[in-house]
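Numbering (this note's numbering), first residue to last: 128 to 431. Remarks on the structure that follows.
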Amino acid sequence: MTTSEIRGLVDALCAEAPVENLALSGGEPLLRDDLPEIVAHLRQRGIAPVIITNGALLSAAKVDSLRDAVNFEITLFSYRPAVHDELAGRRGAWNDAIGAMANLRSAGRDFVAVFVATRVNYMDLEKTAELAIAAGAYGLMYNRVNLSAHNIRHVSRLLPRPRMIRENLDTLEAIGAKYGLAIAVTVVVEPCVVDVRGYRHIHFGWCPLAGENAYFTIDPAGNVRICNHSPVVLGNIRRGGFAAIYGKHPYVRRFRDTWPAECAACEPELKEMCRGGCKAASEQCYGTLARIDPFVTISRTLAD
Numbered sequence: 128m129t130t131s132e133i134r135g136l137v138d139a140l141c142a143e144a145p146v147e148n149l150a151l152s153g154g155e156p157l158l159r160d161d162l163p164e165i166v167a168h169l170r171q172r173g174i175a176p177v178i179i180t181n182g183a184l185l186s187a188a189k190v191d192s193l194r195d196a197v198n199f200e201i202t203l204f205s206y207r208p209a210v211h212d213e214l215a216g217r218r219g220a221w222n223d224a225i226g227a228m229a230n231l232r233s234a235g236r237d238f239v240a241v242f243v244a245t246r247v248n249y250m251d252l253e254k255t256a257e258l259a260i261a262a263g264a265y266g267l268m269y270n271r272v273n274l275s276a277h278n279i280r281h282v283s284r285l286l287p288r289p290r291m292i293r294e295n296l297d298t299l300e301a302i303g304a305k306y307g308l309a310i311a312v313t314v315v316v317e318p319c320v321v322d323v324r325g326y327r328h329i330h331f332g333w334c335p336l337a338g339e340n341a342y343f344t345i346d347p348a349g350n351v352r353i354c355n356h357s358p359v360v361l362g363n364i365r366r367g368g369f370a371a372i373y374g375k376h377p378y379v380r381r382f383r384d385t386w387p388a389e390c391a392a393c394e395p396e397l398k399e400m401c402r403g404g405c406k407a408a409s410e411q412c413y414g415t416l417a418r419i420d421p422f423v424t425i426s427r428t429l430a431d
């Protein structure tokens, strides 16, 4: 979409829905030369812009041009450059991420570090979190790798075992208590795999099921999906308003109401918390909403 089309899209969204935050992601959003203009328009409409970036293009000059951005999210896979570069798939990626954090800190800008836990890097969490704190991050987002049709074939190498996630959550709890760091788990950790009820310094996110506080994805062509992990296109916002797409598409109700059969006997408190886990991952990997998140199924087969 062109700059003017994106501005028009934002205006139309504001007329139809209570948009509070808008994350600009990719790919890499900093590849767009008009990003400062887009961010400025979001602020004019009362929307808090968040930029999700690998940091490679986040120079001091670029940080200054993006003064209207409220927050930045920068992935940091490890305190070890070689591990970060391996998971990022690019030599020099660690230097870029740390350099971007340094530029943000120098400019007094808010940012959080994003740690994606795999079997390759889960043991690096504590030192990586401390590095992020030293670099100026006010918060940490922790995500266990989410399974998709693409990466499920790498599950034996990537997916952390339940004990690894428990170890990470214990580490995060201690870090939150010690440093007062804002910590959020933003990919569902189903409580039937790891009981998350005892953690007091960690915010756990759950799928809003396309309801209150839901987050939808609009791709560069205008296609609307229920979240950034869902493969299902609900419609195109350039050919119809968001309210019509959201209100009339039968998939929205099906996504909200379909419960995996495996959840039927779940403890009511846990069922209310996780709401069936990541249904988008189920649909990607199994082609149906009616099966439980593959993270749960595979975790139950792993020796803990």
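Virtual Cβ for every residue (Gly too), placed ideally from N, Cα, C.
In whole angstroms, what is the alpha-carbon distance linking residue i and residue j?
{"i": "Arg381", "j": "Ile425", "result": "25 Å"}
{"i": "Pro395", "j": "Thr130", "result": "47 Å"}
{"i": "Thr428", "j": "Lys305", "result": "35 Å"}
{"i": "Cys319", "j": "Val423", "result": "8 Å"}
{"i": "Ile292", "j": "Arg366", "result": "43 Å"}
{"i": "Ser275", "j": "Thr344", "result": "17 Å"}
{"i": "Cys283", "j": "Glu143", "result": "Note on residue identity: the sequence assigns Ser, not Cys, to residue 283. Rounded to the nearest angstrom, the two C-alpha atoms are 44 Å apart."}
{"i": "Ile353", "j": "Arg217", "result": "30 Å"}
Check residue i in the structure and name its three-state DSSP category.
{"i": "Arg364", "result": "The identity of residue 364 in the sequence shown is Ile, whereas the question assumes Arg. The answer is coil: DSSP assigns Ile364 none of H, G, I, E or B."}
{"i": "Gly403", "result": "coil"}
{"i": "Met268", "result": "strand"}
{"i": "Ala244", "result": "strand"}
{"i": "Val312", "result": "strand"}
{"i": "His356", "result": "coil"}
{"i": "Val282", "result": "helix"}
{"i": "Ala150", "result": "strand"}
{"i": "Pro176", "result": "strand"}
{"i": "Val197", "result": "coil"}
{"i": "Phe422", "result": "helix"}
{"i": "Asn273", "result": "coil"}
{"i": "Phe238", "result": "strand"}
What does residue i pair with, by DSSP beta-bridge criteria?
{"i": "Leu258", "result": "In the DSSP output, where bridge partners are listed per residue, Leu258 has none listed."}
{"i": "Met291", "result": "According to DSSP, which records beta bridges pairwise, Met291 is partnered with nothing at all."}
{"i": "Ala220", "result": "Beta-bridge pairing links Ala220 to no other residue."}
{"i": "Phe343", "result": "Answer is none; Phe343 lacks a bridge partner."}
{"i": "Phe331", "result": "Val312"}
Out of the options, which one is the CA nearest neighbour of residue i?
{"i": "Asn270", "options": "Tyr306, Glu164, Lys305 and Glu317", "result": "Glu317"}
{"i": "Leu185", "options": "Asn222, Tyr206 and Leu149", "result": "Asn222"}
{"i": "Asp297", "options": "Thr344, Ile165, Val323 and Ile353", "result": "Val323"}
{"i": "Asn148", "options": "Ile133, Ile174, Asp160 and Leu162", "result": "Ile174"}
{"i": "Val315", "options": "Ile302, Leu285, Ala341 and Val272", "result": "Val272"}
{"i": "Val137", "options": "Ile165, Gly154 and Ala301", "result": "Ile165"}
{"i": "Asp237", "options": "Ala196, Gly219 and Arg246", "result": "Ala196"}
- prompt: Taking contact to mean at least 3 C-beta pairs separated by less than 8 Å, is the region 172-183 in contact with the region 224-234?
  reply: yes
message: Across the region 155-163 and the region 201-210, are there enough close Cβ pairs to call them in contact, namely three or more that are closer than 8 Å?
response: no
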